[in-house]
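Participant: This note's numbering numbers the first residue of the sequence shown as 84 and each following residue consecutively. Positions of the beta carbon are idealized from the N, C-alpha and C atoms, including for glycine.
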Amino acid sequence: MTYASTITIDALEADPFPIYARLRREEPLIHVPAANCWFATRWKDIEAINRSADFTAASEDAPVNDAFGRPNVLTSEGAVHAELRGGIEPHYRPRKVSEYIGALVRPIAQAQLAALRASGDNDLMAGYFEPISALSLARSFGISAVDVATLRRWFHGLSEGAINFERDPARKAICDRAVAEIEAVLIPVLDRLRDAPDGSPLSHLLHSGMEPGQTRPYAQILPSVKVTLLGGMQEPGHGAGSIVTGLLMNPDQMAALRADLDGLLPQAIEEGLRWIAPIGTMMRTALRDTVVNGVPVPQGTAISLILASANRDETRFPDPDRFDIFRKPKSHMSFGAGAHFCAGKWFAKAQIEIALRVLFEAFPDLALADGPPAFKGWEFRYPTSLRVTL
Ligand code: HEM
């Protein structure tokens, strides 16, 4: 019996890092029955698979296909991928982001801060980071009239489908309800954009590259809209929560950061995203029989590339479980790699930076209220709540 065959989804959800550490040591490329796929846990194997023409992101087995439908940007390749990505990407390129991010995010962060103060409930996840993340993405994407409670319900619901490796009907039902609600709101918006384009990513997805008077069919774009809504609304907020957790658990690092916010904030953000990868995995499938660093991989094998484990590979990051903003800078894998690397990377980092600045400037004595928060998840990992004293 392999160690991998004893792994359960519950154990991964609770704390995947000791499991990944053992897999990296003993069974780095191995079938994990509970997850219905193989796991690759070492940096060099993940890098090799990502670079290899023997693997595709067009995985039949990815839960995201069942949850959101196809074609979607994550599990398409070639011309279809380029077309879908091209509809989303232009609005999120670095120079474009720098033109609008401050005016978009700062007022949202300041309003959330006021709401957090007024509520008296000092949970930074539900009361600050998740709302900023959801509202910033929705407004940048072309969805302005949906309130924050609805947007949070949407991404929590979508995420149940995207992580449904075990094909749990209860998870599917939650996701299906979110999808139905999203379509009921978005289809009238798309109807309007069809006749009156407005330059938003939603509008761009509909019109870009089409003949005059023609628009892309909704079924072609809705699956990628759901992918973007999920990743875009959920991950910056979850990433920010993990970064602040790392800082507040290490008051010496927090003090150093406060003394040089401009100089150290970017590396604090990178370290927090390395320490806890908000998206823990990427799915790839072997197109033919192949060999990865000496391990035979049969055609059709679905492999989950465990980004969260690559980020803690001790051959690249010494003492990898330690949160350390002074670590020697080295790139991590939290935004993926290759043709499918995150289209929202610059938007996400700029948004997190603003949310953290507004928070730290308002509360010079910010501290954890109840000790270190509980984290949850392996496919998506985040503090379930982050209670602080302001
Ligand atoms: C800290 C925040 C974020 C993290 C950690 C993150 C992480 C990732 C990762 C790991 C992938 C690659 C998935 C794969 O190859 O299977 C990805 C793809 C993607 N992300 Fe993000 N993401 C974040 C924020 C965002 C935001 C704000 C947007 C909104 C524009 C976004 C849009 C996308 C899209 C559209 C893709 C698909 C790209 C493709 O398949 O070509 N992400 N993201």
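Taking only runs of the alpha helix (DSSP H) that begin and end inside the stretch 353–422, which ones reach a length of at least 4 residues, in chain order?
Facilitator: Fully enclosed alpha helix (DSSP H) runs of 4 or longer: 390–393.
Participant: Is D230 buried or exposed, if buried means 16 or more other CB atoms sit within 10 Å of its CB?
Facilitator: Counting from 1 along the sequence shown, the entry for residue 230 is found at position 147. It is exposed - the Cβ of D230 has fewer than 16 other Cβ atoms within 10 Å.
Participant: Assuming P146 and I257 make a contact with CB atoms under 8 Å, what is their CB distance in whole Å?
Facilitator: The residue given as residue 146 occupies position 63 in the sequence shown. The residue given as residue 257 occupies position 174 in the sequence shown. That pair is no contact at about 13 Å.
Participant: In three-state terms, what does DSSP make of Y465?
Facilitator: Position 382 of the sequence shown, counted from the first residue, corresponds to residue 465. Strand, per DSSP.
Participant: Cβ of C120 within 7 Å of any heavy atom in ligand 1?
Facilitator: As a working mapping, residue 120 is identified with position 37 in the sequence shown. Result no, Cβ not under 7 Å from ligand 1.
Participant: Which first and last residues belong to the alpha helix (DSSP H) in which C258 is found?
Facilitator: The residue labelled residue 258 in the question sits at position 175 within the sequence shown. C258 -> alpha helix (DSSP H) spans 252–278.
Participant: Could you compute how far the alpha carbon of P456 sits from the alpha carbon of L473?
Facilitator: Within the sequence shown, residue 456 is the residue found at index 373, counting from 1. Within the sequence shown, residue 473 is the residue found at index 390, counting from 1. For P456 and L473, the distance between alpha carbons rounds to 16 Å.
Participant: Once the 5 residues before and after T158 are set aside, which same chain residues still bring their CB inside 7 Å of it?
Facilitator: For this step, residue 158 is matched to residue 75 along the sequence shown. Answer for T158: A140, A141, S142, A145, V147, N148, listed in chain order.
Participant: Could you give the first and the last residue of the continuous alpha helix (DSSP H) run that contains L167?
Facilitator: On the sequence shown, residue 167 is found 84 positions in, with the first residue counted as 1. Start and end: 161–171.
Participant: Could you give the residue range of the alpha helix (DSSP H) that holds F443?
Facilitator: Residue numbering aside, residue 443 sits at position 360 when the sequence shown is read from its first letter. Here the alpha helix (DSSP H) through F443 covers 428–445.
Participant: Can you give the Cα-Cα distance for V262 and V268, rounded to whole angstroms?
Facilitator: Indexing the sequence shown from 1 puts residue 262 at position 179. Indexing the sequence shown from 1 puts residue 268 at position 185. Their backbone Cα atoms lie some 10 Å apart in a straight line.
Participant: In the DSSP assignment, the beta strand (DSSP E) including H114 goes from what residue to what residue?
Facilitator: Position 31 of the sequence shown holds residue 114. Here the beta strand (DSSP E) through H114 covers 112–115.
Participant: Quick check: V156 and S307, are their CB atoms within less than 8 Å of each other?
Facilitator: Counting from 1 along the sequence shown, the entry for residue 156 is found at position 73. Counting from 1 along the sequence shown, the entry for residue 307 is found at position 224. Yes.
Participant: Verify whether the separation of the beta carbon atoms of A426 and I171 is less than 8 Å.
Facilitator: Taking the sequence shown and counting its residues from 1, one reaches residue 426 at position 343. Taking the sequence shown and counting its residues from 1, one reaches residue 171 at position 88. Yes, the Cβ-Cβ distance between A426 and I171 is below 8 Å.
Participant: Take D453 and list the residues in its own chain whose beta-carbon comes closer than 7 Å to its own, dropping the five residues that flank it on each side.
Facilitator: What you label residue 453 is simply residue 370 of the sequence shown in a count that begins at 1. The answer, listed in chain order, is R470.
Participant: By a C-beta neighbour count over all protein chains shown, 10 Å radius and 16 as the cutoff for buried, is V374 buried or exposed?
Facilitator: By one-based count along the sequence shown, residue 374 stands at place 291. Exposed.
Participant: Do the stretch 207–227 and the stretch 318–325 make contact, defined as three or more Cβ pairs closer than 8 Å?
Facilitator: Cβ pair count under 8 Å is three or more, so yes.
Participant: Considering only the alpha carbon of each residue, which of L276, I386, G240, R399 lies closest to S414?
Facilitator: Numbered from 1 along the sequence shown, position 331 holds the residue referred to as residue 414. Nearest of L276, I386, G240, R399 to S414, Cα basis: R399.
Participant: Cutting at 7 Å between CB atoms, please list the residues of its own chain near L276, excluding the five before and the five after it.
Facilitator: Here the question's residue 276 lines up with position 193 in the sequence shown. Once the five neighbours on either side are set aside, the close Cβ partners of L276 are L285, S286, L289.
Participant: What residue range is occupied by the uninterrupted alpha helix (DSSP H) comprising A194?
Facilitator: Residue 194 sits at position 111 when you count from the first residue of the sequence shown. Looking at the DSSP string, the run of the alpha helix (DSSP H) that includes A194 is 177–202.
Participant: To which residues of the same chain is F212 closer than 6 Å at the C-beta, ignoring the five residues directly before and after it?
Facilitator: Residue numbering aside, residue 212 sits at position 129 when the sequence shown is read from its first letter. Result list for F212: G320, A323, G324, in chain order.
Participant: With three or more C-beta pairs closer than 8 Å as the rule, is the stretch 189–209 touching the stretch 433–447?
Facilitator: Yes, the stretch 433–447 touches the stretch 189–209.
Participant: According to DSSP, simplified to helix, strand and coil, what is D93?
Facilitator: Sequence index remark: in the sequence shown, residue 93 carries index 10 (1-based). DSSP places D93 in helix when its eight states are reduced to three.
Participant: Roughly how many angstroms lie between the CA atoms of E266 and I304, to the nearest whole one?
Facilitator: Taking the first residue of the sequence shown as 1, we reach residue 266 at position 183. Taking the first residue of the sequence shown as 1, we reach residue 304 at position 221. In a straight line, the C-alpha of E266 is about 12 Å away from that of I304.
Participant: DSSP beta-bridge partners for T472?
Facilitator: Position 389 of the sequence shown, counted from the start, is the residue given in the question as residue 472. T472 is bridged to A450.
Participant: Assess, as a yes-or-no matter, whether the stretch 98–112 is touched by the stretch 381–396 under the definition of 3 or more beta carbon pairs within less than 8 Å.
Facilitator: Contact between the stretch 381–396 and the stretch 98–112 is present, because at least three Cβ pairs lie under 8 Å.
Participant: Ligand 1 and S242: does the residue's C-beta get closer than 7 Å to at least one heavy atom of that ligand?
Facilitator: Your numbering for residue 242 matches position 159 in the sequence shown. Incorrect: S242 has no Cβ contact closer than 7 Å to ligand 1.
Participant: For the beta strand (DSSP E) that contains A123, what are its first and last residues?
Facilitator: Counted from its first residue, the sequence shown places residue 123 at position 40. Segment 120–123, the beta strand (DSSP E) holding A123.
Participant: Report the option in E110, L313, D278 whose CA atom is closest to the CA atom of Q297.
Facilitator: Counting from 1 along the sequence shown, the entry for residue 297 is found at position 214. Checking every option, the nearest Cα to that of Q297 belongs to D278.
Participant: DSSP has D206 in a bridge; who is on the other side?
Facilitator: Taking the first residue of the sequence shown as position 1, residue 206 is located at position 123. R470.
Participant: Determine the burial state of G111: buried for a count of at least 16 other Cβ atoms within 10 Å of its Cβ, exposed for fewer.
Facilitator: The residue given as residue 111 occupies position 28 in the sequence shown. Residue identity check: residue 111 is Pro in the sequence provided, not Gly. Classification for P111: buried.
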